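Participant: Just passing along the structure, written as structure tokens.
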Amino acid sequence: MLWPIAALLIAALLLVPFLIARRKRKLVRVQFESGVALRCEIRSDENPKTVEALMKSLPLESRAERWGKEVYFKVPFKVKPERKKDVVKLGDVAYWPEGPALCLFFGPTPASPSPDVIKPYSPVNVIGRILGDPSVLERVKKGEKVRVERA
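If you're matching positions, the sequence shown starts at 143 in my numbering and goes up one per residue.
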């Protein structure tokens with residue numbers, strides 16, 4: 143008679159971490175004037191203040207800039223560096239405190255020491271990743287309108 147209760151407790155223990163992780167994940171849509179559109183997973187586990195500021199500012203509109211294989215655009219909030227990184231991964235979404243700007247990385251930048259290392263201009267707060275193929279950002283032109291909203 144106790145086994146159904148034990149099974150429920152085990153199921154709950156397995157499900158709780160999944161539900162907590164899911165609450166830390168948010169999806170945003172980044173749409174460019176040229177028609178390029180991305181979905182990004184935003185996670186608050188490493189840089190929660192940055193994510194909170196971003197989500198409160200949505201929807202936001204800006205103009206795209208390019209720096210090597212990085213698209214970035216100004217954002218209407220400022221947050222101090224949290225867990226800043228000097229090197230990022232392909233497809234990372236990051237906040238650049240010096241901008242302040244949101245950065246989308248799809249390859250090496252002029253600061254990268256080699257083609258397989260992606261180095262921002264200065265340290266960034268990584269807040270998520272691009273879902274899908276980040277190379278579509280190659281089609282984004284400097285000055286294009288960009289809109290970021292909840293997905």
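All residues carry an ideal CB built from backbone N, CA and C; glycine is no exception. As the structure is a prediction and not an experimental result, all values here were calculated from the model.
1. In chain order, what residues of the same chain lie with their CB nearer than 6 Å to the CB of residue 285, ignoring the 5 residues before and after it?
2. Using a 10 Å radius around the Cβ and a threshold of 16 neighbouring Cβ atoms, would you call residue 179 buried or exposed?
3. Between residue 226 and the ligand FAD, is the CB less than 7 Å from at least one heavy atom?
4. Go ahead and pull the three-state DSSP assignment for residue 278.
5. For residue 99, which of helix, strand or coil comes out of DSSP?
6. Around the C-beta of residue 259, are 16 or more other C-beta atoms found within 10 angstroms, so that it is buried, or is it exposed?
7. Do residue 250 and residue 257 have their C-beta atoms closer together than 8 Å?
8. Let me make sure I understand the geometry here. Which of 229, 243, 207, 209 has the alpha-carbon closest to that of residue 193?
9. Among the residues of its own chain, which have a CB less than 6 Å from the CB of residue 233, if the five just before and after it don't count?
Facilitator: Looking at the coordinates:
1. Stepping through the sequence shown from its first residue, residue 285 is reached at position 143. Once the five neighbours on either side are set aside, the close Cβ partners of residue 285 are 205.
2. Numbered from 1 along the sequence shown, position 37 holds the residue referred to as residue 179. Result: exposed.
3. With respect to small molecules bound, the structure shown includes none, and the ligand FAD cannot be examined in it.
4. For the purposes of this step, residue 278 is taken as residue 136 along the sequence shown, with counting starting at 1. Residue 278: helix per DSSP, three-state reduction.
5. Since the displayed the chain opens at 143 and closes at 293, residue 99 lies outside it and no answer follows.
6. Stepping through the sequence shown from its first residue, residue 259 is reached at position 117. It is exposed - the Cβ of residue 259 has fewer than 16 other Cβ atoms within 10 Å.
7. Numbered from 1 along the sequence shown, position 108 holds the residue referred to as residue 250. Numbered from 1 along the sequence shown, position 115 holds the residue referred to as residue 257. Yes, the pair counts as a contact, with Cβ atoms nearer than the cut-off.
8. In the sequence shown, counting from the first residue as 1, residue 193 sits at position 51. Comparing Cα-Cα distances from residue 193 to each of 229, 243, 207, 209, the minimum goes to 243.
9. Along the sequence shown, read from residue 1 onward, the residue named residue 233 stands at position 91. Correct list, in chain order: 271, 272, 276.
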